[in-house]
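Residue numbers (the numbering used here): 3 to 943. For every residue, glycine included, the Cβ atom is placed at its ideal position computed from N, Cα and C.
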């Protein structure tokens, strides 16, 4: 049977006279230290003795927190003439960066001639480990130097017991030698009440070599019976061989620095390396009977240490430096660790599976586990770290599955992996990712980067820099989204926010739901600030009132309770229960009003004025594509502007109102432009005849209208054919069918009012249609010569209005031979001066530039903008001056270059007259400095 030990115990030295002196533990750093002095035998004459020198060997065992140190160390040794205080003898010896293996170290000390001349001396030791780190710790008390070193100065007096043999061998022939005992029981008898009695150490040969001719077993303190060494064999510290008996017997501790080999057949109590048969598990075991640890080594390195404890024994595998705290039981260290990165178990039933520098049970917590990895910590009670590096589980039931630098400080919280995540809320979870944080009870961050769920039951599924700070709030993903109210939801997108209670933002960019139960489905720069309000999508939309809705489009504002805007551009629904049904620049300002088309306007309370707070309530306004406001004038109106006519039951209307079918009045009748209301069927049926002096009465189904001589003072009768032909027209004089209406009687004719002294006086507008020859208009003639003196007519080739001072010239609207200015609605101060708004399709300037943007009621400008440098997550507001901008106008701001991803416009609005405010935000992880460029700013009236 052969057993090889490893370093871990004080060695057996082969010096002729050795002494081992232990040092007690001092302030948590204990050292079992021995002093080995090479003592030379005195020759028969002093002059024959070779100089022995003044150096001696110092050996010790260094422990930290009860465990052997395996690391580098710095030592300071000094010699003193007293155990306390006193004076120093010689100089201090410093030995730096010395390797300590399994707690053991050996150094050479030399305090010079005269330092050890027979006087009492004490050795003081100071140490620090690892080498070069921290301050020195001075061990106390000082250790006395035993008399053995004084043998350096023992000289024989000539003819004494010390003799010198061949080859410089020194031997003693004066009898038995006792070390620490006055009456030695053998030729060499070493005794000490506490320290090692005999130590042997060899650099290449045998540490202890003994030969005996006796077959009797040696009992007691001697080395062995029949022990001898073979120089050709590998070097052993102790080598014993005795067939049929004991090769050696030790009654105390056996300290080995090399291999210990035992050959032979063991007795019935021995444990055979090839296995034993017939063992009884009730009584047979391999182990110890005292309170000392049992150590197993491999390749001379500690691999397993079984330590006794007040309860369940501790199992310490791996490096010898691994530590189980004093008083702890049931601890397990399966392996791993090294001299500078050891494992520690500080709580009952704590476990470290392997790896490097892992610690469990700090503060005495129990049942903590680290499966492996590097520099992990588990404490708090039943805390677990499965692996990774730099992870910690610091509360009851906390878990880190892996990754790096993840920390769980909430009870039963979990981090699945990733990098630099923190789960502080009880029961919270982080699936992975990097730099994520949970602080709310049962909160969750599934992954992503820099996400945080800080309220109870809050969730962030992933993305970047998202925040769920309200109870039960949720962010699905995206970038820089914040759900700060209770039960809020953000599906994703960029820089969206959901505050208040139970709000929702589905996605998009820079959208906000800021009132209870408000929702924004998507789009950009939308704000739902009314309770229960909704914006489905689009851009720059606002829903500011309760139950207000915007379906989409851009620049739409639903500000009345339960108001609706399905889409379009620049529409406003400010009346309660109003609808601005798409199109552009429509306004439903009255309660229960409706506006659709282009610039259809139902007046709001401010426009109506007075005590009215409801606007033109109940009014319906439909406006065609004409680029002009079509404004209501009162409540409960039904207004239509249709340049292409209105058709009822027909899709081809030929008049402003074409009805295919019967028009029926159930009460009131029909009112005509002259104010007459016909309310009976007799008054509106076929007109047949008029009796003399009776005026105008109805007739048969096909009879003509007859005007008697007495009708309205006209002197002649006239007839009109059936009302569906008109081929005879109405003749108030000669009855000629060539004229639809011919008047040549004396007197004046007034249309729309009484004549003011002219043959024809028209109050109101006059419509003139171009004749078949292409001409038509109003001409002024010189008497009967029919010479034009100032023609005013429509052109031949196009619908032009011609004003000329000579005939025969056709042109677009022209004013010629004028030296003054032209004014429309104002006394002119320029060639053309318009007082009030002018509707144009475009303006052409002298440089040929054609400006058409005003054709849609839009002010436009190009403005040089230099956005400021914004730090990560910072925002700012810029102000741009644009003349003509008014509060309430919609604003569209278009940068002259592509903005960086994550850097965007949060809002654009008219903050004051002629002032446009533009909000900017930097959602990137780094600062952004956007270059100056020309921005296009549009104001939608």
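Boundaries (first-last residue) of the alpha helix (DSSP H) holding residue i
{"i": "residue 608", "result": "607-610"}
The beta strand (DSSP E) enclosing residue i, as first and last residue numbers
{"i": "residue 905", "result": "905-914"}
{"i": "residue 129", "result": "124-130"}
{"i": "residue 681", "result": "Counting along the chain, residue 681 falls outside any beta strand (DSSP E), and DSSP gives it neither H nor E."}
{"i": "residue 603", "result": "602-604"}
{"i": "residue 518", "result": "Neither: residue 518 is in no beta strand (DSSP E) and is coded neither H nor E."}
{"i": "residue 73", "result": "73-82"}
{"i": "residue 892", "result": "892-896"}
{"i": "residue 763", "result": "762-764"}
{"i": "residue 190", "result": "190-192"}
{"i": "residue 60", "result": "58-66"}
{"i": "residue 919", "result": "917-924"}
{"i": "residue 826", "result": "824-826"}
{"i": "residue 940", "result": "935-942"}
{"i": "residue 882", "result": "877-883"}
{"i": "residue 181", "result": "179-181"}
{"i": "residue 752", "result": "751-753"}
Burial state of residue i, where buried means 16 or more other Cβ atoms lie within 10 Å
{"i": "residue 138", "result": "exposed"}
{"i": "residue 292", "result": "exposed"}
{"i": "residue 661", "result": "exposed"}
{"i": "residue 864", "result": "exposed"}
{"i": "residue 485", "result": "buried"}
{"i": "residue 489", "result": "buried"}
{"i": "residue 900", "result": "exposed"}
{"i": "residue 535", "result": "buried"}
{"i": "residue 808", "result": "Low confidence applies here, because residue 808 scores a pLDDT of 46, under 50, leaving its location unreliable; read the following figure in that light. Label assigned to residue 808: exposed."}
{"i": "residue 764", "result": "exposed"}
{"i": "residue 189", "result": "exposed"}
{"i": "residue 121", "result": "exposed"}
{"i": "residue 956", "result": "This structure cannot speak to residue 956, because the chain is shown only from 3 to 943."}
{"i": "residue 158", "result": "The predicted position of residue 158 is uncertain, since its pLDDT is 43 and thus under 50; a value taken from the coordinates is nonetheless stated next. Burial call: buried."}
Expected contact under 8 Å - CB spacing of residue i and residue j to nearest Å
{"i": "residue 942", "j": "residue 892", "result": "4 Å"}
{"i": "residue 507", "j": "residue 493", "result": "7 Å"}
{"i": "residue 348", "j": "residue 362", "result": "7 Å"}
{"i": "residue 382", "j": "residue 367", "result": "5 Å"}
{"i": "residue 556", "j": "residue 540", "result": "6 Å"}
{"i": "residue 572", "j": "residue 590", "result": "Not really, about 13 Å apart at Cβ, beyond 8 Å."}
{"i": "residue 915", "j": "residue 889", "result": "7 Å"}
{"i": "residue 912", "j": "residue 895", "result": "With a Cβ gap of about 11 Å, residue 912 and residue 895 do not count as contacting."}
{"i": "residue 413", "j": "residue 428", "result": "5 Å"}
{"i": "residue 633", "j": "residue 673", "result": "About 23 Å separates the two Cβ atoms, so there is no contact after all."}
{"i": "residue 127", "j": "residue 79", "result": "6 Å"}
{"i": "residue 356", "j": "residue 337", "result": "5 Å"}
{"i": "residue 533", "j": "residue 518", "result": "5 Å"}
{"i": "residue 929", "j": "residue 920", "result": "Actually they do not touch by this definition, with Cβ atoms about 19 Å apart."}
Residue i Cβ short of 8 Å to the ligand ADP heavy atom set
{"i": "residue 432", "result": "Here there are no bound small molecules, and the ligand ADP is not part of this structure."}
>> Measuring CB atoms only, is the region 123-139 touching the region 66-78, in the sense that at least three cross pairs come out at less than 8 Å?
In response: yes
> Between the region 567-574 and the region 541-556, do three or more beta carbon pairs fall short of 8 Å?
Replying inline: yes
> Of all the beta strand (DSSP E) runs that stay within the bounds of the region 295-356, which reach a length of 3 or more residues?
Replying inline: 296-300, 303-309 and 316-319
> What residue ranges within the region 93-124 form continuous alpha helix (DSSP H) runs of no fewer than 4 residues, ordered along the chain?
Replying inline: none
> Which ranges does the alpha helix (DSSP H) cover as unbroken runs of at least 4 residues, wholly within the region 599-674, from first to last along the chain?
Replying inline: 607-610
> Is the region 55-63 in contact with the region 84-95, if contact means three or more CB pairs nearer than 8 Å?
Replying inline: no
> Are at least three pairs of beta-carbons, each pair with one atom in the region 109-121 and one in the region 295-312, less than 8 Å apart?
Replying inline: Judged by Cβ distances under 8 Å, the region 109-121 makes no contact with the region 295-312, as fewer than three pairs qualify.
> Along the chain, which unbroken stretches of the alpha helix (DSSP H) at least 4 residues long are found entirely within the region 403-448?
Replying inline: Qualifying alpha helix (DSSP H) stretches: none in this window.
>> Three Cβ pairs or more, each shorter than 8 Å: is that satisfied between the region 643-662 and the region 675-682?
In response: no
>> Would the region 624-632 count as touching the region 642-659 if we require 3 or more Cβ pairs under 8 Å?
In response: yes
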